[in-house]
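Numbering (my numbering), first residue to last: 86 to 193.
One structure is given below, encoded as structure tokens.
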């Protein structure tokens, strides 16, 4: 039984480590100028990533909602300043960044 518990804990730790690729997400965010308007823990032009994560915590549609907002742009959710569309962002990169933001934008 003890070996089962240890194996389960190790598997859980490995799964959570793979859940968000922070280094890749930060690279994508930097490459696509996301950091020009957003920071991890403070508001710039747009909300901080931690504010976004807190707002959508527990929302089962958060990934789809934020993915659409990042890809298509929009305004009115966080104030009058519009978020520009990021239509050129690949679906894979979009998913990586949005999952990272929803996880609270953990460091590398």
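Glycine included, C-beta positions come from ideal geometry on N, C-alpha and C.
Paired residues, beta bridge with residue i - DSSP
{"i": "residue 159", "result": "168"}
{"i": "residue 128", "result": "123"}
Whether residue i touches residue j by CB criterion (8 angstroms)
{"i": "residue 191", "j": "residue 107", "result": "yes"}
{"i": "residue 181", "j": "residue 104", "result": "no"}
{"i": "residue 141", "j": "residue 147", "result": "yes"}
From the options, residue whose alpha carbon lies closest to that of residue i
{"i": "residue 156", "options": "163, 193, 177", "result": "177"}
{"i": "residue 161", "options": "148, 121, 131", "result": "131"}
{"i": "residue 175", "options": "152, 122, 125", "result": "152"}
{"i": "residue 163", "options": "118, 129, 120", "result": "129"}
TODO: Please determine if the stretch 112–119 and the stretch 179–187 are in contact, where contact requires at least 3 C-beta pairs separated by less than 8 angstroms.
DONE: yes
- [ ] Specify whether the stretch 132–147 and the stretch 169–178 touch according to this definition: at least 3 beta carbon pairs, one from each stretch, less than 8 angstroms apart.
- [x] no
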